[in-house]
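Enquirer: Here it is: the structure, laid out below.
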Ligand code: GDP
Ligand code: MG
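Residue numbers (mature numbering (1 follows the signal peptide of the UniProt record, and there is no 0)): 7 to 166.
Set out below in structure tokens:
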């Protein structure tokens, strides 16, 4: 029974988390990975990469008409990003809570943005805003063979 429940549907929700160029430059990759690890989420994919403009236009397809989009593009092209897929129960919504608000000045201390940054245009980390967008973004940034299926030894100690 315990074994069945830890593999319950819903515990395999996935989100796309990306340390942005400022987070990589400032040496915050480890801090951000550590927060998701400590919470109990499972790392399914991870890579450092230089995003292209074409990929960023797809990733931010809802924002291309915004006045700030050219600045966002320049920001996201300014250096490597660390792309990650994290899995676990409620990881999309919890990941957004862990991230804080889009504007770091509205982010509570204790959140990633609330602890490490100041400006909306340098807010160090991305997190998917819905399960549907998470799956779309994971498909953009990762190929199927870059996502691993594995069972963490602590899983029975994380889920009731
Ligand atoms: P997120 O989901 O919290 O990352 O926020 P959005 O999806 O609304 O926006 C995507 C990213 O665009 C944000 O994380 C910011 O880096 C950037 N952005 C959003 N709004 C602004 C803005 O008003 N000015 C600037 N410079 N960047 C913005
Ligand atoms: Mg967003």
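Note that CB positions come from ideal geometry on N, CA and C, so glycine has one too.
With H, G and I counted as helix, E and B as strand and the rest as coil, what does DSSP make of residue 48?
Expert: Sequence index remark: in the chain shown, residue 48 carries index 42 (1-based). Reduced to three states, the DSSP call for residue 48 is strand.
Enquirer: Give the straight-line distance between the Cα atoms of residue 176 and residue 164, rounded to the nearest whole angstrom.
Expert: There is no way to answer for residue 176, as the model of the chain reaches only from 7 to 166.
Enquirer: Considering only heavy atoms of the ligand MG, does any lie closer than 8 Å to the CB of residue 18?
Expert: As a position in the chain shown, residue 18 is number 12, starting the count at 1. Incorrect: residue 18 has no Cβ contact closer than 8 Å to the ligand MG.
Enquirer: Mind reading off the beta-carbon distance from residue 19 to residue 128? Whole number of angstroms is fine, and I expect it under 8 Å.
Expert: The residue given as residue 19 occupies position 13 in the chain shown. The residue given as residue 128 occupies position 122 in the chain shown. Not a contact, Cβ separation roughly 29 Å.
Enquirer: Between which residues of its own chain and residue 7 is the CB-CB distance below 7 Å, once the five residues before and five after are set aside?
Expert: The sequence position of residue 7 within the chain shown is 1, counting from 1. The pLDDT assigned to residue 7 is 43, lower than 50, so where the model puts this residue is not dependable; a value taken from the coordinates is nonetheless given after this. For residue 7, where only same-chain residues beyond five positions count, there are no Cβ hits under 7 Å.
Enquirer: For my contact list, residue 111 and residue 130 are in at a C-beta cut-off of 8 Å; report their separation, rounded to the angstrom.
Expert: Position 105 of the chain shown, counting from 1, holds the residue named residue 111. Position 124 of the chain shown, counting from 1, holds the residue named residue 130. So it is not a contact: roughly 13 Å between Cβ atoms.
Enquirer: By the DSSP assignment, the beta strand (DSSP E) with residue 190 in it spans what residues?
Expert: For residue 190 there is no data in the structure shown, the boundaries of the chain being 7 and 166.
Enquirer: Mind checking whether the beta-carbon of residue 108 lies closer than 8 Å to any heavy atom of the ligand GDP?
Expert: The residue you call residue 108 lines up with position 102 of the chain shown. It does: the Cβ of residue 108 is within 8 Å (strictly closer) of some heavy atom of the ligand GDP.
Enquirer: The alpha helix (DSSP H) with residue 101 in it runs from where to where?
Expert: Locating residue 101 in the chain shown gives position 95, where the first residue counts as 1. 97–105 is the span of the alpha helix (DSSP H), which, as asked, contains residue 101.
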